[in-house]
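K.L.:
Following this note's numbering, the numbering of the sequence shown begins with 3 at its first residue and continues without gaps.
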Amino acid sequence: MDIRAIEGENYLVQCDEQTATITFEGSLRLSGPDAYAPIAQLMRDLLKQGPELIKLNLRDLRFLNSSGISMISKFVIRVRSEKTVNMIVVGSQNTPWQGKSLKNLQRLLPSLEIILD
């Protein structure tokens, strides 16, 4: 099982290459695009492998600042440009920012499936 992880003081991002799932946990308050670059690279590396479906699991991500939302939005645009990759984003109804922010991702990728549990 090949799982890569990036861990910070208040967050953990794991990429399971076998299931093409990227899981975010904790609170991501990094200070801009440069600080998010390792996470963005992890996501791009998964996309380069050409999976049919990529799953972003944000269920346990309590907070994501605007730089983090921008990083995820740019990744969704990359997925859209691939044309052969589908994407599911799993979130939580109990996390206030996710409802609105995740729905906005569908504007970038209309085929994006969002599951809020």
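Yeah, the Cβ is synthetic: ideal placement off N, Cα and C, and Gly gets one too.
Can you give, in chain order, each stretch of the alpha helix (DSSP H) that sits fully within the stretch 41-86 and has at least 4 residues?
P.N.:
68-84
K.L.:
Grouping DSSP H, G and I as helix and E and B as strand, with all else coil, what is Asn88?
P.N.:
strand
K.L.:
Hey, could you find the ends of the alpha helix (DSSP H) Gln20 is sitting in?
P.N.:
From DSSP, Gln20 is part of no alpha helix (DSSP H); its letter is neither H nor E.
K.L.:
Does DSSP put Leu111 in a helix, a strand or coil?
P.N.:
coil
K.L.:
Look up Leu104 in the DSSP assignment and say whether it is helix, strand or coil.
P.N.:
helix
K.L.:
Using a Cβ-Cβ cutoff of less than 6 Å, which residues in the same chain neighbour Met73 once the five nearest sequence positions on both sides are dropped?
P.N.:
Tyr38, Ala42
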